[in-house]
Amino acid sequence: MDYLEIEGGSPLCGEVRIQGSKNAVLPILSAALLYPGVTVLENCPGISDVASMLEILKGYGCTTLREGNKLIIDAGNLHSGRAPEDYAGVMRSSIMLLGSLLGRLGEAFLPYPGGCVIGKRPIDLHLKALREMGAQLQEEPEGIRAVCAHPKGARIRLPFPSVGATENVILLAVRAEGTTVLENAAREPEITELCRFLCSMGARIRGAGTGTVMVTGVQRLHETEFTIMPDRIVAGTYMLLTAAAGGKVILRDVPLWQLASVRKTLAGMGVRLEGKDLKETKKGEGKLDEKASDVLLFSPGRIRGGLQISTAPYPGFPTDLQSPLMAALCTAEGESVVEERIFEARFKTAEELIRMGADICIQGSRACIRGTGRLHGERVEARELRGGAALCIAAAAAEGKTTIHQYHYIARGYENIIRDLKALGVVVNYG
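Numbering-wise (this note's numbering), the sequence shown opens with residue 5 and increments by one.
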């Protein structure tokens, strides 16, 4: 079986520690291939996407060992074989292996990447950028064949600040001859984390976290031990869960400096955040130290709506939190509008929320949400990762029992959402 049963309708009370970042660890696992030896990662989340990526790495000759939240990867025997299609074909992040395999071996074959059904997410930006660095890429029926014996530094400008394309360019540029200047680069914290990891191995990178990243290639890297940062999307999910269900929650190891847009949105909903690192910013504004913090959240019961939120590349409101935000706004007072500017098919969860009594009208890239107060329990289906988390939020806020099918989508990014929901007082069972 593959479903959750959640009994909702009660305010939350408890505390949860935020796991390591999914969106940071996956490209870092790819980057570990660049060093022909052992890499140690601490705070590695126990999620199914990591498990799938490790199976892919094994397909290329790596050995891996997990000891709790510590992960040890040995890429000494890396070869240019084929990734297991059962894993690469369902993971969008597998595309990140192109840059690292070309940087280490000069050749690669990769099945076409898969992932959640939230939009087209084309890989043409990746391929075009890698070609500018000397890669020869051939799209075959079963996947992408690539050769790049001598990668060269180049000046590349992305037409859109794609996170994945930015990461792929950086991964190849680390071992390229000369300097690569990447303009209109993505600024997401996961880019900075990847660069921080690579620099801990001896890479030379400037401008991480800005729109222009400069990478000077090096001949060799060295072993490293690295701690993965907390997951800002998981933290944001649990913040919005608190907003929807109400109550008093402590979140530990929250990357507050990465969540300015979310904190501002929560303030507009009437949710109060308290913590020693929040003294200077009542409305989610201002600069915070780049360290994980403990946060106390108070949600008064029924939150305020009347918001207009658009998703945008970082530091804008994250597209990964659009569905959880929609679920929370279904319980709010007033009408809100959420505009999706990143992925064209990320409103699929609205159909499931409507089953639970939500009043949502989709108009192109905009969702108009009229808060109805309480939702009611229903049988619903997760169709993708973040939409599944949104249904957990709706279920915790709803009256009665909700059954959420296809839990495996949720497990792709949440280490143990069942444990975390129980820690906050939610009655939940897995079937």
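Glycine included, every Cβ here is placed at the ideal spot set by N, Cα and C.
Setting aside the 5 residues that flank it on each side, G272 is surrounded in the same chain by L311, each with a C-beta closer than 6 Å to its C-beta; the list follows chain order. Assignment of alpha helix (DSSP H) within the segment 150 to 211, counting only whole runs of 4 or more residues, yields 167 to 177, 193 to 204 in chain order. For the set A79, I421, S14, G50, the Cα lying nearest the Cα of T241 is the one of I421. Y434 sits in a strand when the DSSP states are folded into three classes.
Collapsing the DSSP output to three states places I346 in coil.
By the neighbour-count criterion, in which 16 or more other beta carbons inside 10 Å mark a residue as buried, H226 falls on the exposed side. Spanning the alpha carbons of L58 and T67 requires a straight line of approximately 9 Å. Within the model, the alpha-carbon separation for L114 versus L176 is close to 15 Å. For the set K295, L37, I373, R308, the Cα lying nearest the Cα of S327 is the one of I373. Assignment of A371 by DSSP, reduced to helix, strand and coil, places it in the strand class.
Here A296 carries a coil assignment [DSSP, helix/strand/coil]. It is roughly 33 Å from the alpha-carbon of P322 to the alpha-carbon of Q142. When secondary structure is reduced to three states using DSSP, H226 falls in the coil class, being assigned neither helix nor strand. Beta-bridge partners of R276 (DSSP): F302. Here the segment 263 to 270 makes no contact with the segment 65 to 84; the two share fewer than three CB pairs at distances below 8 Å.
Contact between I237 and N27 holds, with the beta-carbon distance rounding to 7 Å and staying under 8 Å. Under a 10 Å Cβ-count criterion, T353 is classified as buried, with 16 or more other Cβ atoms of the shown protein chains found around its own Cβ. In this structure P234 touches I22 by the C-beta definition: roughly 4 Å separates them, less than 8 Å. With contacts defined as CB atoms closer than 8 Å, G404 and G381 qualify as a contacting pair. Selection D53, N47, L105 evaluated against A35 yields L105 as nearest (Cα-Cα). Beyond the five residues adjoining it in sequence on each side, E11 comes within less than 6 Å, by CB distance, of K405, V431 in the same chain, given in chain order. At least 8 Å separates the beta-carbon of I195 from that of G24.
For C396, the uninterrupted alpha helix (DSSP H) segment begins and ends at 389 to 401. Excluding its 5 nearest sequence neighbours in each direction, V222 has C-beta neighbours in its own chain below 8 Å: V178, R179, G206, A207, R208, listed in chain order. In the three-state reduction of the DSSP assignment, A139 falls in the coil class. Only residues of its own chain outside the window of five on either side were considered, and among them D6 have a CB closer than 6 Å to the CB of H412, listed in chain order. Within the model, the alpha-carbon separation for T246 versus L395 is close to 14 Å. Contact annotation, T216 with V173: C-beta distance approximately 12 Å; criterion of less than 8 Å not satisfied.
Distance between I32 and L45, taken at the CA atoms: about 9 Å. Of A331, E229, A190, the smallest CA-CA separation from G41 is found for E229. Distances from the alpha-carbon of L244 to those of E356, A316, I60, A393 put A393 closest.
For the 8 Å CB-CB criterion, R378 and E337 do not form a contact. F164 sits exposed, since fewer than 16 C-beta atoms from the chains shown fall within 10 Å of its C-beta.
According to DSSP, residue pairing for Q312 in a beta bridge involves V341. Judged by their CB atoms, C334 and G375 are nearer to each other than the 8 Å cut-off. Cβ contact annotation for A169 (same chain, cutoff 7 Å, sequence separation greater than five): L129, H130, A133, L162, in chain order.
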